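Below is one structure, written out as structure tokens; the observations come after it.
Protein chains in written order, with my numbering: chain A, 67 to 291; chain B, 19 to 429.
In structure tokens:
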């Protein structure tokens, strides 16, 4: 079963001096439980692809099936709800809200979901999974880089997502901390979480089961294990 | 998002910059203070005017002898006017169909032999009917009667303060000395609340400090000519119903002009007209004051919009994060609207508290009557909330229309 199926996905940007074709017909499939690295030089379209997969943007043409549902033509509200329900993001710059503490940052996605669930136990459980239970009341500025990234991962995990999208998750961390974060991803993947990591670091790629290489708006080749 | 959580997060965000938030609430705060204080002063002034006019009696028409110098009096008589007289009263009584009561009043220059400290009683010669027109209640005895007047009985009725200050002789059947004559006390009035007027147009008597004699008995005090003595100070008329006033006033004017040969040695005071005037004036006053206050509220709103715009551009990254974890445009707009509303509400409630306090201080230190009505509080609150929402609208819209990807990349 493919959690993600992308067919001939194109994304064009209209700029003042003409059209930029960021994606020129990408085909990609990711199976449930996979851990995939999306690699390529800058300008190859990997970030654009990640934004489309993360429902932050809509494709110019082509189809995107998330868990069997075609979501290429959904409105902003529907895409927002899909993000709140099914997609977890982890960013290079951690992207935590500075005035909120660890618990509140992790609970953020639940604020934007339409149905009310008992979120507290899920939030606490996911903070425990990244090993930060002792930091619940701390603000981001009181945490180390590695801890902040763990909070971001906990936030992504808390909603029990179909997919975690990580954009250069180790880019702002020292080697040892980055390695720890990668092992956390591996451990989560073993527990069944589907993960897509965008990176240009081949060390990060080596921790994934499959590497999808992009070049010039297209998937150039794949390396699988 | 649960409303409670949204408010909590909103509060947290605006308290992140305490000083800035505080400064931006000041505009609204002082706007609300201005609205409340100005309306309170206006309302106080209105109440004061209305109370004074009501003391004159809303169904009454008063004809008052103008203060004329001896020369002016002589001139008036020469021109054929007989000044304000009992005959005026009798012809008005005969000609006006809607009167329920009419009474004549004469201010008498005589002094009480008893020493009443700083109170100087006003001594009035009155005819029967005055007590009904003024709604006087007796605490003891009776008022001046028809018989007292026709028999020129030397009796008197005391205002409550006079009776109190006279002590032992301030009781029924006691005799008091006025000028060179003895008068027997036949009645004492109930205390009547009285408010001193600032404007002479509305001025009324403090009946508690008044002493009434039957009209005519004042002859014992003087030996001057009777013609001059017959001059009244006031004729007071009361109509049955308020709506009969305009017609009665018109007829009164005609009769008086004819009788006084167009000499204006009197004035006609119509409390009802004064009241209408006072209300119209107050309305204009409130409108002007309200507009000034509304402008300061508007300025407060602009301050809030300014702060919210700054807040949006400072928090572009946060907006991107919230969008990434599932907030739609409306969630973002709502968050910023709520924050500007919270800032406004802080300012508004602070303003109400300060405005009430300020109004109180005005009444204490400036001696103006101020009245804070629930109406003025609710109008200033709703104006402030309206201004807050309006000024939050554009920043909220700006925040909501940010592209999430661009917002996330913002450094």
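Using N, Cα and C, we set each Cβ at its ideal position, and we do this for glycine too. These numbers were taken from a predicted model, which means no experiment stands behind them.
Take the alpha-carbon of residue 150/A and the one of residue 134/A: they are about 18 Å apart. Rounded to the nearest whole angstrom, the CA to CA distance from residue 119/A to residue 353/B is 27 Å. Residue 280/B carries a coil assignment under DSSP once its states are collapsed to helix, strand and coil. Around the beta-carbon of residue 313/B, fewer than 16 other beta-carbon atoms lie within 10 Å, marking it exposed. Segment contact: the region 126-144 of chain B against the region 287-301 of chain B, fewer than three CB-CB distances shorter than 8 Å; contact not assigned. Remark: C-beta atoms of residue 267/B and residue 116/B do not approach each other more closely than 8 Å. For residue 79/A, the nearest beta carbon of chain B is not closer than 8 Å to its own beta carbon.
With contact defined as three or more Cβ pairs closer than 8 Å, the region 114-131 of chain A and the region 187-196 of chain A are not in contact. For residue 245/A, the three-state secondary structure derived from DSSP is helix. Setting aside the 5 residues that flank it on each side, residue 360/B is surrounded in the same chain by 25, 28, 29 and 32, each with a C-beta closer than 8 Å to its C-beta; the list follows chain order.
Spatial neighbours of residue 205/A in its own chain (CB-CB distance under 6 Å, excluding positions within 5 residues in sequence) are listed in chain order as 167. DSSP places residue 231/A inside the beta strand (DSSP E), whose first and last residues are 229-233.
For residue 281/A, the enclosing beta strand (DSSP E) has its first and last residue at 276-281. Membership of residue 424/B in the alpha helix (DSSP H) is indicated by the continuous run 422-427.
Excluding sequence positions up to five before and after residue 283/B, its CB lies within less than 8 Å of the CB of 83, 84, 86, 90, 91, 94, 99, 101 and 102, all in the same chain and listed in chain order.
For residue 422/B, the chain A residues whose Cβ falls inside 7 Å of its Cβ are 122, in order along the chain. At a cut-off of 8 Å, the C-beta of residue 178/A has a neighbouring C-beta in chain B. Residue 264/A holds the alpha-carbon nearest to the alpha-carbon of residue 101/A among 218/A, 264/A and 146/A. Neighbourhood of residue 174/A in chain B, by CB distance below 9 Å: 339, 340, 343, 344 and 345, in chain order.
Taking 7 Å as the upper bound on Cβ-Cβ separation, chain A lies near residues 23, 30, 31 and 34 of the region 23-48 of chain B. An exposed status is given to residue 320/B, since fewer than 16 other beta-carbon atoms sit within 10 Å of its beta-carbon.
DSSP lists 87/A as the bridge partner or partners of residue 78/A. In this structure, the beta-carbon distance from residue 144/B to residue 162/B falls below 8 Å. At a cut-off of 8 Å between C-beta atoms, residue 61/B does not count as an interface residue with respect to chain A. Under DSSP, residue 82/B shares a beta bridge with 252/B and 285/B. Considering only 275/A, 147/A, 252/A and 269/A, the residue with the shortest C-alpha distance to residue 219/A is 252/A. Non-local beta-carbon contacts of residue 92/A in its own chain, meaning distances under 7 Å to residues more than five positions away in sequence, involve 72, 75, 115, 284 and 285 in chain order. Taking the beta carbon of residue 147/A as reference, the chain B residues within 9 Å of it are 344 and 346, listed in sequence order. Contact of residue 360/B with chain A by beta-carbon distance below 9 Å is absent, the smallest such distance being about 14 Å. By the neighbour-count criterion, in which 16 or more other beta carbons inside 10 Å mark a residue as buried, residue 428/B falls on the exposed side.
In the three-state scheme derived from DSSP, where H, G and I count as helix and E and B as strand, residue 228/B is classed as strand. At the C-beta level, residue 380/B and residue 54/B stay beyond 8 Å of one another. Remark: three or more beta-carbon pairs, one from each stretch, lie closer than 8 Å, so the region 145-164 of chain B and the region 203-214 of chain B are flagged as touching. For residue 148/B, the enclosing alpha helix (DSSP H) starts and ends at 148-152. Contact with chain B is found for residue 143/A, since one of that chain's Cβ atoms lies less than 8 Å from the residue's Cβ.
With the criterion set as a beta carbon lying under 8 Å from some beta carbon of chain B, the members of the region 92-121 of chain A are 117 and 120, in sequence order.
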